[in-house]
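Taking it in order: structure first as structure tokens, then the write-up.
Numbering (the numbering used here), first residue to last: 306 to 661.
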């Protein structure tokens, strides 16, 4: 990890866990002693975030519909038995919610311990800057060790002190998929939260991903036993953006490290005007992240804006304006003043010719 990496220099976005409700009716409830008023139909998770109380989560994100599979966002509600999932439970008038109790802490820690029992080692070493959502949740619930050992079915085992990658292969181990030119997929880090599958369906609408198998054999796959590059994947990056464990990861980040700072900008490829966070390390763009507040794209993008930003520093990039009078004429390099004047003149000609 780069010790100079400063998270405060990156543009931060709040993830409320579930989409906003559009209901006009308002509901008031109490979360950990804090009163909050939200639209009816809002999830307890989102209401808690609006009250300033963050509930641990893995399968939930406000870019996707509620799913309720990870079981770490459980809460207690006065007058109601059990520990319902806050992402799938809507608020109610006068509801009193508790998100931090000894019982909930024990449940969350137990759930996370089961996750890490079949997860590559190192999760407890990445609780700070640059950690994945999975690492941060493990730290949040106070998990420091795993009582179940490292005999997971999905990852490379450690045997006799041999580091991961050099031990024997676990029974269900599948090698990292490096076929896509922009990102990698490491099945060993996947917790089958389905966020990637749902992002492909709900956000992109390509339906390229699915969950294959049952029980311990469950895993995310692209297509029918295909590499990503051979599947219907269009490389939009929605799955990478959604992944909480870094099982899906940009190759630029793996090769060059985490970005140091970012700025909100507009994609220059077409006229849609998608908003991005350009994340930079030194003088080099490490990745382009779709900006959720963007009015044109709402946190999503196509492959060009997300990954094909290399044109900005390409040796053949056109750096000066050029014009030509006819399509058969050669291009002529001009100043910006001449280019703008030429454009204005042509606009006036078209207006005069067509009386518009």
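For glycine and all other residues, C-beta sits at the position ideal for the given N, C-alpha and C.
This one's a predicted model, so the numbers in the text were calculated from it and none came from an experiment.
| Query | Result |
| --- | --- |
| Specify, as a first and last residue, the run of the alpha helix (DSSP H) that residue 496 falls within. | From DSSP, residue 496 is part of no alpha helix (DSSP H); its letter is neither H nor E. |
| Taking residue 385 as the reference, which of 547, 369, 397 has the closest Cα? | 397 |
| Extract the residue ranges of the beta strand (DSSP E) inside the region 385 to 432, only unbroken runs of 3 or more that lie entirely within it. | 401 to 403 |
| Taking a contact to mean a Cβ-Cβ separation below 8 Å, would you say residue 557 touches residue 591 in this structure? | yes |
| If I'm right that residue 322 touches residue 368 with Cβ under 8 Å, what's the distance once you round it to whole angstroms? | So it is not a contact: roughly 10 Å between Cβ atoms. |
| Distance, Cα to Cα, residue 511 vs residue 600? | 22 Å |
| Bridge partners for residue 567 per DSSP, in chain order? | 584 |
| What would DSSP say about residue 554, mapped onto helix, strand or coil? | strand |
| If you drop the 5 nearest sequence neighbours on each side, which residues of the same chain put their C-beta closer than 6 Å to that of residue 345? | 328, 330, 332 |
| Please name the residue or residues paired with residue 488 in a DSSP beta bridge. | 555 |
| To which residues of the same chain is residue 407 closer than 7 Å at the C-beta, ignoring the five residues directly before and after it? | none |
| Can you tell me which residues form a DSSP beta bridge with residue 350? | According to DSSP, which records beta bridges pairwise, residue 350 is partnered with nothing at all. |
| Is the region 540 to 547 touching the region 501 to 521, taking contact as three or more C-beta pairs under 8 Å? | yes |
| I need the DSSP call for residue 651, collapsed to helix, strand or coil. | helix |
| Against chain B, does residue 521 count as a neighbour if the rule is that its beta carbon must be under 8 Å from one of theirs? | Going by chain labels, chain B is absent from the structure shown, which holds only one protein chain. |
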